[in-house]
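Protein chains in written order, with the UniProt record's numbering: chain A, 1 to 156; chain B, 1 to 156.
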């Protein structure tokens, strides 16, 4: 099962790490085709006031100790569906597979990645769902601005 | 003409700035719907050994002094076609328009952005074309690795 693969467990660790730092609990891990763990990271919206350093982008940046062609055919594990930016990364770096902890809270670019030939595995991991949904209830302003929803909409 | 708009001139300045730093000459600028310049940046592949800090992403990051909802309906100026990551940014941040200095050397996600309702303006700017093509001849390894081409392919 994909939810017991090391990359997914690391992505979930990163999710909790971000929460402990006061940030949005979304984590990711990039694993090469041969199983080597290349990079890991979490959302940096709060921690670095970054609009683009989503969990997945952070994992790709953390993997910069290798040539990016080492990413080809690899697997990206993420606790939440990839947005358009992160789906773009998966396509640009020619990944083979993306394993997603949950796609209940947010759906993003999953279908677009699949249309480009990437195997998309959507888990329905209760730990990912509960952790993020609790965070959104407590910090709606971070979540909604992060996905481009203006103040005054969606009750924030 | 789009090639005389302030945002495009800034993007071209950023292209030259990156070249002067020894990096890939690709620049970008993000301008709000009301004309306010929000951010500017250039490719950081060489300077920061970054796989994802393309010119456009750098401009979005530089604009983090405002809420990202201020990007909505804005224009992204870039000296080169957006790759999948940067096209993903344009879509995710709900831009209205993307002005591209050149799409001769690389085409990327231009059609995908257009299919999502973004106005895509493709210039054929000789300064952008010549600057990048000269750089690629001198540093093919940076360019090809940057777009995910393995060593041994494309004569590198």
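Glycine included, every Cβ here is placed at the ideal spot set by N, Cα and C.
Since the model is a prediction, treat every value here as computed from it, not as a measurement.
| query | result |
| --- | --- |
| Starting from the C-beta of residue 97 of chain A, find all residues in its chain whose C-beta is less than 6 Å away, skip the five residues before and the five after it, and write them out in chain order. | 75, 119 |
| CA-CA distance, residue 148 of chain B and residue 14 of chain B? | 23 Å |
| Residue 6 of chain B touches chain A at which residues, Cβ-Cβ below 9 Å? | Result: empty, since nearest Cβ-Cβ is about 22 Å, beyond 9 Å. |
| Contact criterion: CB-CB distance below 8 Å. Does residue 103 of chain A meet it with respect to chain B? | no |
| If you draw a straight line from the alpha carbon of residue 88 of chain B to that of residue 30 of chain B, how long is it in whole angstroms? | 15 Å |
| Output yes or no for whether 8 Å exceeds the beta carbon distance between residue 2 of chain A and residue 27 of chain A. | no |
| Mind listing the chain A neighbours of residue 68 of chain B? Cutoff is C-beta to C-beta under 8 Å, in chain order. | 51, 145, 146, 148 |
| Below 8 Å on the Cβ atoms is my contact criterion, and I expect residue 91 of chain B with residue 116 of chain B to pass it. Report the Cβ-Cβ distance as a whole number of Å. | 5 Å |
| Return the first residue and the last residue of the alpha helix (DSSP H) that residue 19 of chain B is part of. | 6-20 |
| Can you find at least 3 beta carbon pairs, one from the segment 64-72 of chain B and one from the segment 54-74 of chain A, that sit closer than 8 Å? | no |
| Comparing alpha-carbon positions, which option in A:137, A:121, A:95 lies nearest residue 8 of chain A? | A:121 |
| Contact check, residue 43 of chain A vs residue 24 of chain A under 8 Å by CB: the rounded distance? | 4 Å |
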